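Just below is one structure, and these are the notes that go with it.
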Amino acid sequence: MATINASINITSDIPYSGFSLSKTMTMTKAGLETGIENTNGLGVKKLAATTAVVLELAADATASGANKLYIRNTGSNKAEHVKISFNASASADTTTENIGRLYGGDWMLIPWEANGTTHNVIASPSTADEVTTIEYMTFHE
Amino acid sequence: MATIATLSITSADLLPSSPLSINATSTLMKADNSVDLHMMESGTGELTVAASNGGVVVKEATTAGVGTAAKVYLCNKATDSTYYIQVKLHDIILGRLYAGDWMFMPWAQGDTDAEISVEAEGGTCPYEWAIFKEGETMVART
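Read top to bottom, the protein sequences are chains E and G. Numbering-wise, our numbering puts 62 at position 62 of the first sequence, and it's gapless, one number per residue. Convert by adding 141 to the 1-based position in the second sequence; the result is the number in our numbering.
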């Protein structure tokens, strides 16, 4: 059993009184208090085209578990982004479920249903004018 | 005006060869430029299994939100490890937030059928959420 801790801290001055939150979670298996112990490791992709690529395959994880997905656009360009979506393949755009855009420096950590082939993780850079570097990792059952 | 989101993931024993340490910091800005996000909504609630059966919308997607750089934070504050919140983006399940789990994600609202909904399973789940987003066009007075 592994112990994986993930902490988030958000500070904002959007409200006049300010806003902050801090949370830490220990990644555990579905319905249990034992830790998640599988990962495909920390991956890095350097993308020089706008072609969609598969980052992670849902088949590698147990569907409907307590899986987690981390992705970061390591760049600093806030004018360009990488679109993250779930899909059966990198080419089947008609069935893509668009999650959101990670601009330079943005990151995400979400639960991952990993159900069949519909939850493969796809990344599509917005530009081919510069290399988009993506860091990603899954924690799964 | 700035909103900063910081992440830390650590584990001493997940990887056999070395400790894991991931750190990331992002200043949340509008799409395609360097202007800070300047709107925020947040709230708390309590999801009962029966009342949330089929899903309760946390936030509707809007036409104005399509292609923006909004970010969503959501946390299941339940303490029973068997209780979870199923999070959906319109008709696709993102995944399950078990007791104590949180998530943070971009929300581009690729179309207006991109609402975020939640559903409690196992038992009542207190939860909290926050959305950081771009401005909205105000409705003209009639």
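Cβ atoms here follow ideal geometry from the backbone N, Cα and C, with glycine treated the same way. Only a predicted model underlies this, so the values are computations on that prediction, with no experimental measurement involved.
- Here E/G43 is not near E/M108, since their CB atoms are 8 angstroms or more apart.
- The continuous beta strand (DSSP E) containing G/G184 extends over residues M180 to L188.
- When DSSP reads this structure, G/W248 sits in a beta bridge with G/A211.
- Within chain E, no C-beta atom comes less than 9 angstroms from the C-beta of G/Y268; the nearest is roughly 12 angstroms away.
- Secondary structure note for E/H119: it is in no beta strand (DSSP E), with a DSSP letter that is neither H nor E.
- Beta-carbon to beta-carbon, E/G104 and E/E80 are separated by about 7 angstroms, close enough to satisfy the 8 angstroms threshold.
- Only residues of its own chain outside the window of five on either side were considered, and among them Q250 have a CB closer than 6 angstroms to the CB of G/G206, listed in chain order.
- For E/L102, the chain G residues whose Cβ falls inside 8 angstroms of its Cβ are P247, in order along the chain.
- For E/L42, no beta strand (DSSP E) segment is defined, and its DSSP state is neither H nor E.
- Nearest CB-CB separation between G/R282 and chain E: not below the 8 angstroms threshold.
- Using beta-carbon distances, E/P15 counts as an interface residue toward chain G, with a partner under 8 angstroms.
- Counting the other CB atoms within 10 Å of its CB gives E/V82 a total of 16 or more, which places it among the buried residues.
- Using a Cβ-Cβ cut-off of 8 angstroms, E/K23 is close to C216 and W243 of chain G, given in chain order.
- For the pair G/N194 and G/Y268, the CB atoms are not nearer than the 8 angstroms cut-off.
- When C-alpha distances from G/T189 are compared across G/T220, G/T283 and G/G263, the shortest belongs to G/G263.
- Within the segment 143-172 of chain G, those residues whose Cβ lies closer than 9 angstroms to any Cβ of chain E are, in chain order, A143, T144, I145, A146, T147, L148, S149, I150, T151, S152, A153, D154, L155, L156, L161, I163, A165, T166, S167, T168, L169, M170, K171 and A172.
- Under the DSSP assignment, G/S167 falls in the beta strand (DSSP E) whose first and last residues are L161 to T168.
- Excluding sequence positions up to five before and after E/G65, its CB lies within less than 8 angstroms of the CB of K29, A30, A114, H140 and E141, all in the same chain and listed in chain order.
- Between E/K78 and G/W243 the beta-carbon gap is near 25 angstroms, outside 8 angstroms, which marks them as no contact.
- For E/L57, the closest Cβ of chain G is not nearer than 8 angstroms.
- Taken in chain order, the members of the segment 223-238 of chain G whose beta-carbon sits within less than 7 angstroms of a beta-carbon on chain E are T223, V228, L230, I233, I234, L235, G236, R237 and L238.
- Interface annotation, E/E130: not in contact with chain G, CB-CB separation never under 8 angstroms.
- Under the 8 angstroms criterion on CB atoms, E/T133 is classed as non-interfacial with respect to chain G.
- E/I4 is not bridged by DSSP to any residue.
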